[in-house]
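Below is one structure, written out as structure tokens, with a few remarks after it.
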Amino acid sequence: MASPTVPAKGEAEHELPQSLIDRLASHVASGGAETVTIPSPFTGEPLATVPQSGADDVRAAYERAREAQRAWAALPVSERVKPFLRLSDALVDRREEILDIIQLETGKARRHAMEEFLDVALCSLYYARRAAKLLKPRRRQGMMPGLTRVQELRHPKGVVALISPWNYPFALGASDIAPAIMAGNAVIHKPDTQTCLSSLWVLDLLVALGLPRDVWQIVVGDPGEIGDPLIDNADYVSFTGSTRGGKAIAERVAPRLVSYSLELGGKNPMIVMADADVERTARGAVRACFTNAGQLCISIERMYVHEDIYDRFVPRLVELVKGMKLGTGLDFEAEMGSLTYQRQLDAVTRHVDQAVKEGATVLAGGKARPDIGPLFYEPTLLADVNGDMDLCANETFGPVVAIYKYRDEDEVVARANDTAYGLNASVWTKNPARGRRLAARIQAGTVNINDGYGAAYASYDSPMGGMKQSGVGRRHGAEGMLKFTEVQTVASQHVMDLEPPGSLGYDRFADFMATGIKLMKKLRIK
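Per the working numbering, residue 20 is the first one in the sequence shown, and the count goes up by one each step.
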């Protein structure tokens, strides 16, 4: 049974006004000699043409950014947050416009584009409300109470290089750039060329809301040409993408001792415990596995179902997956959209075909759908997957999930942790306390109870990132802003120096200090 489709409303729906494209293209840091055409994943037809940046354009952007950053950092935090306080209202007012752009450049369903809109609106507002508190000078305890006064200061890094991926271009660009800029930095941003329009759109909006133009600059171009000058001139690098790409960046910046944050790949497990609610869990699994056609670093690719519930849960999940609506419409009807790149379709096809050839069983899906669009692939469930198959351990990054049966908690924890990755995980149970105990044993940066990924990711007050080969550093929470700062300790000594006063010898001074340690401990001063 093939997944049902939702018909599109016509070719005009998949076009953007040329006036909008021209306005967005004007924000690319480029001399304008070279251009690149962006195709629509829905149709394969050209969507927009934008200028392409070269190495000299990147270097020139850094020069402008350094000058702009000095003036920007000199402003009080209360001034730096103002464009972002205005942003949430502006996003709501122009929601339909950005949802269209996200869909047309990525091919995702509108309900999944909506997640990007929500992320930028809520995350930027979170930091705008808290930036002053996070960045303010802090009193710290000195060595000698009352005699040593210590202050912790936060300074911006300078100019940040931020490289954002194609799968969530609006969210993973703007949501990281917002705290970097509010912290007093300028940003040179390289979005993926295919999905640069949404970043250009929010930059255009923020400039209109009062952000100085050169504080955030976007370069669009071939990584082989602009990658090195982008990294080599940065005071800090923020990257979201593949583990391979993250390692290359770490090697590049190592000689300069430049710090970085990397959110990388995942092979995320979902554990369905014996007491899980079958209907709720099956519907949650659809979201966890097939949001954005599985092109989500934190989506589920491995599912472990307890043997006591397997025969009830899996048939219901198969039924729901087979009934998913696929489509290209710019409305909320489709439950899943297209893949974004031909290379992703090729990778998904290769993984599934190899697994089936070597004995995997297709429970749902398992084939491309060119009748809907050139890059569509059905949501796919596979059983009987083993370690000889590429999709068993390697990230597929598409709408493909392997389902396994397990017997006890020790077994499933060992299997969930048997991976080089450690980004996200999901546990489903009617007993949240038991789920939290199990979650604490899983080696992943975020673990969701009775949700696939959104509960942890959208909790902006808590850090999000990966363990093992899934990354270094965190976004969100205090660290999501403070990582873009240099911390400085300023300590002043008062009344007495840290040496024997007057004629007091070092032997007596040592006794005095030793006695002082015991006294401070007894009085709980230390």
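Every residue, glycine too, gets a C-beta built ideally from N, C-alpha and C.
1) Closest to Ile-290 by C-alpha separation, out of Lys-449, Val-100, Met-483, would be which residue?
2) Count the other C-beta atoms from every protein chain shown that fall within 10 angstroms of the C-beta of Ala-353, then say buried if there are 16 or more, exposed otherwise.
3) According to DSSP, is Gly-492 helix, strand or coil?
4) Taking a contact to mean a Cβ-Cβ separation below 8 Å, would you say Thr-368 touches Ala-383 in this structure?
5) Considering just the uninterrupted stretch of the beta strand (DSSP E) at His-174, what are its terminal residues?
6) Below 8 Å on the Cβ atoms is my contact criterion, and I expect Glu-320 with Tyr-425 to pass it. Report the Cβ-Cβ distance as a whole number of Å.
7) Three Cβ pairs or more, each shorter than 8 Å: is that satisfied between the segment 104–115 and the segment 198–213?
8) For Asn-287, count neighbouring Cβ atoms within 10 angstroms of its own Cβ and tell me buried if that reaches 16, exposed if not.
9) Classify Gly-346 as helix, strand or coil using the three-state DSSP reduction.
10) Thinking C-alpha only, which one of Asn-204, Ala-459, Met-486 is nearest Arg-88?
11) Helix, strand or coil: how does DSSP classify Met-486 here?
12) Given Arg-271, which residues of its chain have a CB within under 8 Å of its CB, disregarding the five upstream and five downstream residues?
13) List in chain order: all unbroken beta strand (DSSP E) runs of 3+ residues lying wholly within the segment 377–414.
14) For Gly-313, I'd like the list of residues in its chain whose CB is within less than 6 Å of its CB, leaving aside the five on either flank, ordered along the chain.
15) What are the boundary residues of the beta strand (DSSP E) that His-325 is part of?
16) Once the 5 residues before and after Asp-403 are set aside, which same chain residues still bring their CB inside 8 Å of it?
17) Buried or exposed for Asn-186, going by 16 or more other Cβ atoms inside 10 Å?
18) Please report the residue range of the alpha helix (DSSP H) in which Met-532 lies.
19) Looking at C-beta atoms only, is the number of pairs between the segment 474–486 and the segment 175–193 that lie closer than 8 Å three or more?
20) With a CB to CB cut of under 7 Å and the five nearest residues on each side skipped, what residues in its chain are close to Ala-92?
21) Between Asp-409 and the rest of its own chain, which residues show a CB-CB distance below 7 Å, the 5 nearest in sequence each way excluded?
22) How long is the line joining the alpha carbons of Asp-211 and Val-256, rounded to whole angstroms?
23) Below 8 Å on the Cβ atoms is my contact criterion, and I expect Val-194 with Asp-138 to pass it. Report the Cβ-Cβ distance as a whole number of Å.
24) Sorted by chain position, which residues of the same chain lie with C-beta nearer than 7 Å to Asp-76's C-beta, five sequence neighbours on each side aside?
25) Check the DSSP bridge columns for Arg-157 and list the partner residues they point to.
26) Should Asp-526 go down as buried or exposed, given a rule of 16 or more other Cβ atoms within 10 Å for buried?
27) List the DSSP bridge partners of Asn-287.
28) Given a cut-off of 8 Å, decide if Ala-84 and Asp-223 are closer than it, judged by their beta-carbon atoms.
29) My understanding is that Gly-240 touches Ser-72, with C-beta atoms under 8 Å, so please give their C-beta distance in whole angstroms.
30) Under 8 Å by Cβ, that's how I've got Phe-351 and Arg-130 pegged, so tell me the actual separation to the nearest angstrom.
31) Are the segment 437–449 and the segment 291–298 in contact at 8 Å, needing three or more beta carbon pairs?
32) If you draw a straight line from the C-alpha of Ala-458 to the C-alpha of Cys-316, how long is it?
33) Pick from Leu-345, His-513, Gly-406: whose alpha carbon is nearest that of Gly-392?
A quick look at the data gives this:
1) Lys-449
2) buried
3) coil
4) no
5) 167–175
6) So it is not a contact: roughly 16 Å between Cβ atoms.
7) no
8) buried
9) strand
10) It is Gln, not Arg, that sits at residue 88 in the sequence shown. Of the candidates Asn-204, Ala-459, Met-486, the one whose C-alpha sits nearest the C-alpha of Gln-88 is Asn-204.
11) coil
12) Asp-247, Ile-250, Asp-251
13) 380–383, 399–402
14) Gly-417, Pro-418
15) 319–325
16) Gly-378, Ala-379, Thr-380
17) buried
18) 525–541
19) no
20) Pro-175, Gly-203
21) His-370, Gln-373
22) 16 Å
23) The sequence given here has Ser at residue 194, not Val. Ser-194 to Asp-138, Cβ: 5 Å. Contact.
24) Ala-48, Ser-49, Gly-50, Val-238
25) Glu-171
26) exposed
27) Ile-319
28) no
29) 4 Å
30) 5 Å
31) yes
32) 19 Å
33) Leu-345
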